[in-house]
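Reviewing the structure listed below.
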Amino acid sequence: MPSLNEQSNLALKRTVIVAIFAAVAVVLSLVESAIPLNMSVPGAKLGLANIMVLTCLYFLRARDAFMMVLLKTLLSAFIFGTFSSFLFSIMGALFSFAAMWFLLVVGRKRLSVIGISIIGGIAHNIGQLTAASLYFNTTKIFYYLPMLLIMGVLTGIAVGIAVKYLIPSLSKLSLFEGFLAETA
Amino acid sequence: MKRGDILLIGLIVVIAAVFLVPRWLDGESSEKYHNGPRIAKITVDGKPFRTVELTGEEQTIEIKTEFGYNLLKVHDYGIEMIDADCPDKVCLTFGFIERNGGTIVCLPHKLLVEIEGASGEGDDLDAVVK
């Protein structure tokens with residue numbers, strides 16, 4: 001049964017990619033927290049982990065990418081989070097994932113990865129602010145949204161450029177061979 | 001970069017500007033007539049902890065709760081978080097706040113500081129009704 005064999009091979013590859021990407025995303029957020037970059041806007045960050053989420057969405061199916069987002073958020077919560085901060089990051093991560101997935105489905109022809117990563121970053125901020133405003137029962141936290149939007153555009157461009165270079169280089173690896181046809 | 005990206009960036013910058021520009025203009029005009037005293041409301045875990053009047057004199061407020069330790073400093077009619085033992089230190093990046101609506105949040109410690117006008121402030125609805 002060669003077809004079954006091939007199928008399980010593909011499933012195995014997917015699992016491996018999800019695991020590797022989640023691990024790299026966690027390392028990237030560790031690296032990011034080590035960079036002493038004063039953004040002067042509270043809550044703003046580079047969002048390097050978003051590189052992996054977007055690349056994963058590009059190569060794999062949405063449910064695999066979803067798995068990867070969950071894994072990444074859980075792992076980072078275990079490493080430097082508390083329970084309450086986990087709730088905020090999962091909210092941001094899910095918002096960001098949903099927005100990027102939607103755009104990849106709808107607007108792939110009109111937007112490049114740069115536009116999608118900008119939306120992803122901003123959706124992450126909005127998700128976290130929404131979680132915080134529900135938690136504290138105040139809408140005043142949205143005071144910081146305009147500044148976060150501007151920062152989101154800048155970091156989104158940086159992340160998008162990284163993804164733009166990452167996708168062609170990963171495509172050369174044999175591990176990703178089976179997934180190129182799906183996305184083309 | 002496609003055209004859609006540039007449109008998207010433009011749209012977001014415009015939205016952000018719509019919110020930011022009135023705030024800058026408002027900030028400049030309010031400096032001319034330093035309108036009334038402002039207060040900072042400090043809440044921990046949704047419960048009011050303390051309110052402080054924002055005066056020109058320096059004053060430090062220590063907050064020790066079951067969630068952790070934070071140190072606030074009042075000076076020059078504003079307030080600032082100067083120390084905290086939370087893991088992420090995001091609350092320290094809020095910096096010095098002095099305007100109405102300004103907020104400092106420390107998520108891990110469930111701490112929230114909000115600035116409100118004490119009297120006759122434009123965006124204070126209760127004062128208008130009075």
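These protein sequence lines map, in sequence, to chains A and B. Here UniProt numbering is used: the first residue of the first sequence is 1, the next is one more, and so on. Here UniProt numbering is used: the first residue of the second sequence is 1, the next is one more, and so on. For glycine and all other residues, C-beta sits at the position ideal for the given N, C-alpha and C.
- Put simply, of A:I150, A:F176, A:K164 and A:G156 the residue whose alpha carbon is nearest the alpha carbon of V18 of chain B is A:I150.
- Distance from the Cα of P108 of chain B is smallest, within the candidate group B:C86, B:F49 and B:V14, for B:C86.
- According to DSSP, residue pairing for R50 of chain B in a beta bridge involves B:I42.
- In the assembly as shown, Y144 of chain A is a buried residue. Its beta-carbon has 16 or more other beta-carbons within 10 Å.
- 8 angstroms or more divides the Cβ of V53 of chain A from the Cβ of V27 of chain A.
- For V153 of chain A, a Cβ of chain B is located within less than 8 angstroms of the residue's own Cβ.
- For N137 of chain A, there is no enclosing beta strand (DSSP E), as DSSP marks it with neither H nor E.
- Under the three-state reduction of DSSP, C86 of chain B is assigned to coil, being neither helix nor strand.
- Secondary structure at E57 of chain B: coil, using DSSP grouped into helix, strand and coil.
- Contact annotation: G127 of chain A and L94 of chain A have beta-carbon atoms nearer than 8 angstroms.
- If you look at T155 of chain A, you'll find it isn't in any beta strand (DSSP E); it sits in the alpha helix (DSSP H) that goes L145 to S171.
- Counting the other CB atoms within 10 Å of its CB gives N137 of chain A a total below 16, which places it among the exposed residues.
- Using a CB distance cut-off of 8 angstroms, K140 of chain A counts as an interface residue toward chain B.
- With respect to the 8 angstroms criterion, F86 of chain A and F66 of chain A are not classified as neighbours on the basis of their beta carbons.
- Taken atom to atom, the span from the alpha-carbon of Y69 of chain B to that of T55 of chain B is near 23 angstroms.
- Contact check between the stretch 111-130 of chain A and the stretch 4-11 of chain B: three or more CB pairs, one atom from each, fall below 8 angstroms, which counts as touching.
- Y77 of chain B sits in coil when the DSSP states are folded into three classes, being neither helix nor strand.
- Within the DSSP bridge table, the entry for E98 of chain B names no partner.
- Looking only at A:E6, A:L60, A:A19 and A:F80, the smallest Cα-Cα distance to F176 of chain A is reached by A:L60.
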